[in-house]
Every structure is written in C-alpha cells, then in structure tokens.
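1 is the number of the first residue of the sequence shown in the working numbering; add one for each residue after it.
Note that CB positions come from ideal geometry on N, CA and C, so glycine has one too.
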Amino acid sequence: MLKYDYKNAVNIGDVSLEDFEKVDFNGAYSNLMEKLNKGVIGFREIIYDDLNKYNDFKNEDGINVVVVGMGGSILGTMAIYYGLSLYNYNNAYFIDNSDPEKTLSILKKVDLNNSIIYIISKSGNTLETLVNYYLIKRKIEKLDSFKGDIIFITNGGKLKREAEKNNYKVYSIPENVPGRFSVFTVVGLAPLYSLGIDISKILEGAKYMDKLCQNKNIFKNPALLNGVIHYLHEKKGRSISVVMSYIERLKYFGEWYKQLFGESLGKNNNGLTPILSIGAKDQHSLLQLYMDGKKDKVITFITTEKYDLDEEITFEDINDEKISCNLSNIIKCEQIATEMALTQRGVPNVRITLDEIDEFSLGAMMYMYEMQVGFMGELYNIDAYNQPAVEEEKRICWKLIKECGNYGDR
Ligand SMILES: O=P(O)(O)OC[C@H]1O[C@H](O)[C@H](O)[C@@H](O)[C@@H]1O
1 MLKYDYKNAV NIGDVSLEDF EKVDFNGAYS NLMEKLNKGV IGFREIIYDD
51 LNKYNDFKNE DGINVVVVGM GGSILGTMAI YYGLSLYNYN NAYFIDNSDP
101 EKTLSILKKV DLNNSIIYII SKSGNTLETL VNYYLIKRKI EKLDSFKGDI
151 IFITNGGKLK REAEKNNYKV YSIPENVPGR FSVFTVVGLA PLYSLGIDIS
201 KILEGAKYMD KLCQNKNIFK NPALLNGVIH YLHEKKGRSI SVVMSYIERL
251 KYFGEWYKQL FGESLGKNNN GLTPILSIGA KDQHSLLQLY MDGKKDKVIT
301 FITTEKYDLD EEITFEDIND EKISCNLSNI IKCEQIATEM ALTQRGVPNV
351 RITLDEIDEF SLGAMMYMYE MQVGFMGELY NIDAYNQPAV EEEKRICWKL
401 IKECGNYGDR
C-alpha cells in the first residue's frame, strides 16, 4: 500500500484549497482517460497484459543478467532492481552510458558465457546502446563458442537489423508506450523476470494504483492530487520538484523519476526541474538551501513504515544521556524533523509512505508518477510523450563522431 499526505503543501506557500477551483483538473482527468481508453497512449493498458509471455525468458539461479540500454530502456529496470536489492547485486550488470571506464570494467569482470544479455532500445538507433552492443559483440567473437543468450528488445533501426542479420531473438515494445513509460512492458519486466523478481507483484501494485487513479474525487486520487499541487506551486514560482527519499536504495528510482518528470514536462518554456535527494544525508548538504535558499521548491518525502534490516541501538547523546531505540526510529525522526522544519519555514512538502519496500509498493509508486505526469501534461496542455529537443544534440553528435578521428584528438 501507499499513503499520500499533502497537508503541508496546501495553505503553505500561498497555495490554498480555493486555488484548486481555478484548475481544470476534471478536464485533465477526462483528456488523459480518453487517451488511455482509446489506446492513443498505452502505459495503462499494458499493466493488464497476460504475463504468460514471460515464460519464454530465462530465470536461472547463478546466471548473470546484463542489460544494455539508455533512458527509458533501462532506468525503470534499475529503479526496481536496486530498489528491491538489499545492497547485494551479485549477478546484475547495467551498461547505461558511454563512459569507457564503466562499460569496460563491467565487460572485464562479467562472464558473457554465463549471461543473458538484453540489448534494449525502442528506436534501435541510440548511439550508446549501439556502441555498447558492438563492444559485447566483439568480446563474444573472441570466445571459442558463445554459450550465453542475447535478446534484443527493439522496434527497429540499426539494432533490429543487427538482430535479424545475426538471428538473435527480438521482442518488440508497444509503439503507443513512450520509452520513459515502458518499465511495465517487456523492456523492464523481461530483465527483471530473469533477475528473479516477482513481476506479477509489480503489476499488482500498478493495478492497485490504477484503481485509485480512476477516482474523479481529486482528494482520493493521489496522482491527480500530486499533479495539481505541483502545478499550482509551479505557477507560483516553485518549479523545482525535490524528491527526498529516506530509503537510500531508491536512488535509481530517482534517476527514473528525473527522466519521467524532466523529459515529459520540459517543453515550450514550461517544465519542473526534478531533483533527487537522499535522506537523512542530504540534510547535511542541501537542507540549508531547501530551508533558506530561494523559495522555488516543492519537497516530496518518500519513506517507509518498515525497513527490511533494522536493529536496536543504545548510545549516549551529546549530553551523555543514554538513548535506546531502533535505527529505523532515528531515520524516521530525522524525516519528520526535516518535514516540520521545512513546514515552519513555509516550504511546501508532501509525503509518500510505503508500507514496505517490495515489488507491490514500487509498482504502485512508479505507476502513480506515470499517471501524475500524464495528468500534468494535460494541465500544461503539452505532449508529455515525445522529446523532440533531444534530437538536435544527436544530429550534431553523429556528425562529430563521423569526424571523430580529428575531433577525438581536440
Ligand atoms: O529506447 P531508445 O530508443 O534507445 O531511447 C533511449 C532514450 O533516448 C532518447 O534520446 C530519449 O531521450 C529517451 O526518451 C529514451 O528513453
């Protein structure tokens, strides 16, 4: 389950309940539902897909899973995998950048003969994914015989042609699901299945949240409510959306959230800037800014009722007095203290509380943010599902790469 608390974001920072009346959230609700019900945008229908197709994929103990992708083709998978792992990532490798040190250090240590390798790219033309694929291809060609598995998840472009030329298995992604909304498709669920994660429980969480998101009563619809709250505060100049997770293993959830929020809403001089903070440690690095800097932020706390690892501690405080409590009490007190201090300073903040950190709650929270971004796209009257501006850099880069013999030496 997931609880959403918004009391510190209304009647704070000059946003009142009366302001809600000025926002056509009913229109946003119907426009988004029309797009989803007609299948124009498909990120809702796919959570009701039949999961039998995943029996095709391997899920064997001890086998490595190597995922190669960028952005929406890998961040959701990392968000869920690292969100569920308790800091022991023995057989999962994510190649998600063009940093030679990162990719080559992974390829130096992973035994590709004992690996399922997912090459994931919706367009099939993403430079980093292409180059990382060629690095793996070259490594495989040096082996006497390749006993691993290569699976392509792509809809076209160079990578699809490569897969067909080499007779690799190819799976497609529903065209009406934009990349950054595709974690609940084969893009995320296939590698997560191979990593032994209960993908049906992830979808149960998404479906639980979908029911809440059908509610026309905004105060019972966390995605719509959080969307309208961020919209209203952005209209008052608070365009930075800080997500401060008091669960450090949600760090990659933050990376996924950054792309979903930033790339979907950053259009036509609009947009909110997503920032991920980790509590309690960012109280010692960014809280001064959040408390006393520009009043241009809305803070979202993410916390949990239950930490999977916890222990009692007895220690002496700074006045040499004995304190006995659980470690989880300490971080929970820090989160509440930060929330209270920010509220007293008039910094609007909301809180998402997970029952526990499991497939269900991550599925629910990620689906909530997909729906929230959908609603906000309607509120801003923008296309939340494309990313035309990123193409400009790609055109320049491909041109430079062609000359890279010279450019590389500059
Ligand atoms: O899945 P791909 O086609 O490889 O795209 C990977 C990523 O790169 C693109 O440049 C877009 O900015 C992202 O929205 C997308 O998720």
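For L379 and F43, the gap between their C-alpha atoms comes out near 18 Å. Between E128 and S105 a beta carbon distance of about 16 Å is seen, past the 8 Å cut, so the two are scored as non-contacting. Selection E141, V40, K160, I331 evaluated against Q283 yields I331 as nearest (Cα-Cα). DSSP places K3 within a strand segment (E or B) once states are collapsed to three. N26 is classed as exposed because its beta carbon has fewer than 16 other beta carbons within 10 Å across all chains shown. Here DSSP, grouped into helix, strand and coil, assigns K297 to strand. Cβ-Cβ distances below 7 Å link K297 to R238, I240, V242, Y290, V347 in the same chain, with the five nearest sequence neighbours on each side left out; the list follows chain order.
Our two residues, G72 and V373, have alpha carbons roughly 15 Å apart in a direct line.
Per the coordinates, the alpha-carbon of N270 lies some 11 Å from the alpha-carbon of E263. The count of Cβ pairs closer than 8 Å, one atom from the segment 339 to 357 and one from the segment 310 to 329, stays below three, leaving the stretches out of contact. In the DSSP assignment, M244 falls within the beta strand (DSSP E) that extends over 240 to 245. About 6 Å separates the CB atoms of D14 and K236; that is less than 8 Å, so the two are in contact. Remark: the C-beta of S123 is in contact range of ligand 1, defined as less than 6 Å to any heavy atom. Inclusion of W256 and A79 in the CB contact set at 7 Å is warranted, their separation being smaller than that value. Taking a C-beta distance under 7 Å as the contact criterion, S245 and I275 do not qualify as a contact pair.
Using a 10 angstroms sphere on the CB of E339, the tally of other CB atoms reaches 16 or more, which defines it as buried. Between D50 and the set I229, F184, E391, the nearest pair of CA atoms involves F184. Sixteen is the threshold: since fewer than 16 other Cβ atoms of the shown chains lie within 10 Å of the Cβ of D292, the residue is exposed. If the five residues before and after V186 are omitted, its C-beta is found closer than 6 Å to the C-beta atoms of I153, Y171, all from its own chain and listed in chain order. Around the beta-carbon of M1, fewer than 16 other beta-carbon atoms lie within 10 Å, marking it exposed. Cα atoms of L342 and V177: separation of roughly 37 Å, rounded to the nearest angstrom. Contact between S194 and F57 holds: CB atoms are separated by about 6 Å, below the 8 Å threshold. Measuring C-alpha to C-alpha distances from L232 to each of N329, Q387, N64, L272 identifies L272 as the nearest. Taking 7 Å as the cut-off, the Cβ atoms of G124 and G76 do not count as close. Between the alpha carbons of I382 and S324 lies a gap of roughly 53 Å. Excluding the 5 residues flanking it on each side, L286 has same chain C-beta neighbours closer than 7 Å at S277, in chain order. Shortest gap from the CB of M33 to any heavy atom of ligand 1: 6 Å or more. Distance from the CA atom of M209 to the CA atom of G377, rounded to whole angstroms, is 19 Å. The Cβ atoms of I247 and I357 lie closer than 7 Å to each other.
If you draw a straight line from the Cα of P191 to the Cα of D144, it is about 26 Å long.
Using a 10 angstroms sphere on the CB of K402, the tally of other CB atoms stays under 16, which defines it as exposed.
Scanning the segment 333 to 397 for uninterrupted alpha helix (DSSP H) segments of 4 residues or longer gives 359 to 379, listed from N- to C-terminal end.
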